[in-house]
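Following our numbering, the residues of the sequence shown are numbered contiguously, the last one being 502. Think of the CB as a built atom: it goes at the ideal place given N, C-alpha and C, for glycine as much as any other residue. From a predicted model like this one, the values you see are computed outputs, not experimental measurements. A short write-up of the structure that comes next.
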Amino acid sequence: MTKLAKYITDSEKYDILLSAINDGNFLPGSSLKDYYNIFIDSNFTEKEELKAALFFAIKRYEKFQDFSLLSSLLNISEDSLTNLLKSNYKKATFPISDNNEAELVSLYLIEVEDEIPVSFPNTEALRLNSIQNIKKTLNKNFFVFFDKCFSGRSFGLAVASCFYVSDEIRERFIFTGEVRADGGVYDVDGLELKFKVAHQNNKYLVSSRCITHISELKHINSNELNVPFVQLFGKSKSELDKNFKKLKGYIPESAVLLNIFGFSQEDLSVFTEDYLNNEINDYAIFLNEFYKKVKKLYDTNIGINLHITGSLSSFAFLMGLVLGAKKKFAIYHYQDGEIYKIYDFINQSARKLKGKKNNFSHIQYKTKVINANSTDLLVSIYLASHSPKNDASKFASQTLKCNIVEIELKNHQGNLPIDNQELWIEIVREIYSALDNFSEELGNNVERYHIILSTPVPIAIALGMAIGDYKKVSVYNFDKKIIGYKKVFDSDFAEGTFLNSF
Numbered sequence: 001m002t003k004l005a006k007y008i009t010d011s012e013k014y015d016i017l018l019s020a021i022n023d024g025n026f027l028p029g030s031s032l033k034d035y036y037n038i039f040i041d042s043n044f045t046e047k048e049e050l051k052a053a054l055f056f057a058i059k060r061y062e063k064f065q066d067f068s069l070l071s072s073l074l075n076i077s078e079d080s081l082t083n084l085l086k087s088n089y090k091k092a093t094f095p096i097s098d099n100n101e102a103e104l105v106s107l108y109l110i111e112v113e114d115e116i117p118v119s120f121p122n123t124e125a126l127r128l129n130s131i132q133n134i135k136k137t138l139n140k141n142f143f144v145f146f147d148k149c150f151s152g153r154s155f156g157l158a159v160a161s162c163f164y165v166s167d168e169i170r171e172r173f174i175f176t177g178e179v180r181a182d183g184g185v186y187d188v189d190g191l192e193l194k195f196k197v198a199h200q201n202n203k204y205l206v207s208s209r210c211i212t213h214i215s216e217l218k219h220i221n222s223n224e225l226n227v228p229f230v231q232l233f234g235k236s237k238s239e240l241d242k243n244f245k246k247l248k249g250y251i252p253e254s255a256v257l258l259n260i261f262g263f264s265q266e267d268l269s270v271f272t273e274d275y276l277n278n279e280i281n282d283y284a285i286f287l288n289e290f291y292k293k294v295k296k297l298y299d300t301n302i303g304i305n306l307h308i309t310g311s312l313s314s315f316a317f318l319m320g321l322v323l324g325a326k327k328k329f330a331i332y333h334y335q336d337g338e339i340y341k342i343y344d345f346i347n348q349s350a351r352k353l354k355g356k357k358n359n360f361s362h363i364q365y366k367t368k369v370i371n372a373n374s375t376d377l378l379v380s381i382y383l384a385s386h387s388p389k390n391d392a393s394k395f396a397s398q399t400l401k402c403n404i405v406e407i408e409l410k411n412h413q414g415n416l417p418i419d420n421q422e423l424w425i426e427i428v429r430e431i432y433s434a435l436d437n438f439s440e441e442l443g444n445n446v447e448r449y450h451i452i453l454s455t456p457v458p459i460a461i462a463l464g465m466a467i468g469d470y471k472k473v474s475v476y477n478f479d480k481k482i483i484g485y486k487k488v489f490d491s492d493f494a495e496g497t498f499l500n501s502f
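Listed below in structure tokens is the structure:
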């Protein structure tokens, strides 16, 4: 047994040898052939950490380089070996589990042009067979090695990730799954432990629970995640499922990442089968739930594109107040059993909603002075089919005892075309701009806006986004029991609800 071999087999001396290799130092009395034998000798099959350290030492230090000798031992041409050692490597991480514990292993993969062995000669035969299957389905030449000893084939998905996922994005994930020659991803043992070790290391686990074929890895190669979010009140669970299905039809690629990040439909909705009571406390409970769920999305280390649909305009307006106009959104409209994209603020800024206009092409409004000294103003926005004008006027004069502005459309009243996004944007811009005009027109500074909405949900959300926390608002919803309006939100008493938060 060579002196080097004694160091390898002696647990106390092993760490000395490993440290010396990492530092580029030889043990006295050892030859390069002795070192290269670490790649060849079947007695060292399990010394993965040592093999990885030696490979990197050969890349780094000339004293470890004898390309002619090493190429003959590895059965690689000298030119191919030179290219292998000069090429950059890709790193991927996968978990292994044993005895109720799990840990992380790194693999290093170098893509090459030439046909060469896929790993070191003394690599375990079953592992070599598994790597060959992956090579076959990828139709790529590569060389791969590992930094820890392990058994099994769960590393396969990590190998495949090097060809589908960029280095930057791959760092946020760990991968586990057997990959066979058909490219299918198959179950492996110990998934619960592997989820746990992923969480402990602030990583997300990609497994056969998320993808069934390696080609689906392309869906995680993104710095953005398209997330469906549904607001639905007074409808059945099956109706919620239908909304999600239709919304996901616009973003089919999102399913893989949503599963990896662990977001369920419950995480991505504010929903109750009962109608939402017209009470401030009831609205506050669901609005806080909405805030917490959206915050959880934005707390992930990936850009979020929120795709939103809703059923209740008054609540949708509050959602907009919480969201603000800084992030990326798409807002959808439910009509005749289908969902249509109305606003796309993923490819353009939602701050476009806040662009001021002096001339109004799409809205018209009428001001009624009820109390010339009032600093409150009721704003009745009538764009949908149901007119709030009579009830709103009565509410302003008898309950609020304040002035009122009635806003409505010049054209398309109750029937806005769903294929004209620019029109929907301009309508919100004009309403937002008009709010700043009312103080001057009334000759009295407006300090609080009382909002009554009869609008499509997308306009309610977008108007709320534009307003954010820049104005004091109270919001009302029509209550059939009292045949009148009840306050459901007051920005002065919105503690715990963070407006314009994102």
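Thinking C-alpha only, which one of the options is nearest residue i?
| i | options | result |
| --- | --- | --- |
| Gly156 | Lys203, Asn141, Glu168 and Leu107 | Leu107 |
| Lys47 | Leu27, Ser31 and Thr9 | Thr9 |
| Thr505 | Ala255, Phe290 and Asn202 | Because the chain is modelled from 1 through 502, residue 505 falls outside the range shown and cannot be assessed. |
| Ile452 | Phe489, Phe438, Leu442 and Arg429 | Phe489 |
| Leu383 | Arg170, Glu113, Tyr332 and His362 | His362 |
| Lys366 | Tyr275, Ile431 and Gln398 | Ile431 |
| Ser491 | Phe317, Ile346 and Asp344 | Phe317 |
| Leu74 | Tyr36, Lys63, Asp98 and Ile58 | Tyr36 |
| Leu27 | Asn202, Lys3 and Ser42 | Lys3 |
| Ala434 | Ile407, Glu78 and Asp419 | Ile407 |
| Ile483 | Val405, Leu423, Ser397 and Asp391 | Asp391 |
| Val230 | Asn371, Ala20, Asp241 and Phe173 | Asp241 |
| Asn371 | Ser349, Arg351, Lys389 and Gln398 | Gln398 |
| Lys410 | Ile427, Gln421 and Asp419 | Ile427 |
| Ala53 | Ser207, Gly183 and Asn25 | Asn25 |
| Cys149 | Ile96, Ile174, Glu168 and Leu32 | Ile96 |
| Phe145 | Phe55, Lys480 and Glu103 | Phe55 |
| Glu49 | Ser72, Phe263, Ser19 and Phe502 | Ser19 |
| Val294 | Asn278, Leu276 and Ser264 | Ser264 |
| His307 | Glu101, Lys63, Lys194 and Glu224 | Glu224 |
| Tyr250 | Glu192, Ser11, Ile169 and Tyr332 | Tyr332 |
| Ser154 | Lys235, Asn122 and Glu103 | Glu103 |
| Ser501 | Ser71, Ser31, Lys292 and Ser68 | Lys292 |
| Met1 | Tyr186, Gly29 and Gln65 | Gly29 |
| Leu85 | Asp274, Asn243, Asn99 and Leu70 | Leu70 |
Opposite residue i in the DSSP bridges: which residues?
| i | result |
| --- | --- |
| Phe263 | For Phe263, which the question treats as bridged, DSSP gives no partner whatsoever. |
| Arg448 | Asp376 |
| Asp490 | Ser474 |
| Asn305 | Asn226 and Lys328 |
| Asp479 | Gly484 |
| Leu453 | Ile381 |
| His333 | Tyr340 |
| Gln398 | DSSP lists no partner for Gln398. |
| Lys91 | Tyr108 |
| Phe175 | Val206 |
| Lys389 | Note: Lys389 sits in no beta bridge, so no partner. |
| Ser269 | Val230 |
Could you compute how far the alpha carbon of residue i sits from the alpha carbon of residue j?
| i | j | result |
| --- | --- | --- |
| Tyr283 | Ile134 | 53 Å |
| Leu205 | Arg180 | 19 Å |
| His199 | Pro252 | 26 Å |
| Glu441 | Lys245 | 47 Å |
| Cys162 | Lys90 | 6 Å |
| Val454 | Phe478 | The amino acid at residue 454 is misidentified as Val; the sequence shows Ser. Rounded to the nearest angstrom, the two C-alpha atoms are 10 Å apart. |
| Phe438 | Ser374 | 12 Å |
| Leu287 | Leu321 | 10 Å |
| Lys341 | Leu217 | 27 Å |
| Glu111 | Pro456 | 54 Å |
| Ser393 | Ile404 | 7 Å |
| Leu138 | Asn129 | 14 Å |
| Asn301 | Arg172 | 8 Å |
| Arg448 | Ile381 | 16 Å |
| Phe360 | Asn88 | 60 Å |
| Lys487 | Asn278 | 7 Å |
| Ala396 | Phe493 | 21 Å |
Compute the beta-carbon to beta-carbon distance between residue i and residue j, rounded to the nearest angstrom, for a pair I have assumed lies under 8 Å.
| i | j | result |
| --- | --- | --- |
| Gly355 | Arg429 | 5 Å |
| Val475 | Ser314 | 6 Å |
| Ile116 | Ser80 | 5 Å |
| His219 | Val256 | 4 Å |
| Leu353 | Ala462 | 6 Å |
| Ser166 | Asn221 | 6 Å |
| Thr176 | Phe261 | With a Cβ gap of about 16 Å, Thr176 and Phe261 do not count as contacting. |
| Leu193 | Glu101 | 7 Å |
Within 7 Å: the Cβ of residue i and any heavy atom of the ligand GTP?
| i | result |
| --- | --- |
| Arg180 | Ligands are entirely absent from the displayed structure, and the ligand GTP is therefore not among its contents. |
Of all the alpha helix (DSSP H) runs that stay within the bounds of the stretch 98–170, which reach a length of 4 or more residues?
-> 125–138, 156–164 and 167–170
What residue ranges within the stretch 182–257 form continuous alpha helix (DSSP H) runs of no fewer than 4 residues, ordered along the chain?
-> Counting only runs of 4 or more, we get 191–200 and 237–248.
Can you give, in chain order, each stretch of the alpha helix (DSSP H) that sits fully within the stretch 6–45 and has at least 4 residues?
-> Entirely contained in the stretch 6–45, the alpha helix (DSSP H) runs reaching 4 residues are, in chain order, 11–22 and 32–36.
Secondary structure, beta strand (DSSP E): runs of 3+ residues fully inside the stretch 401–448 | 403–409
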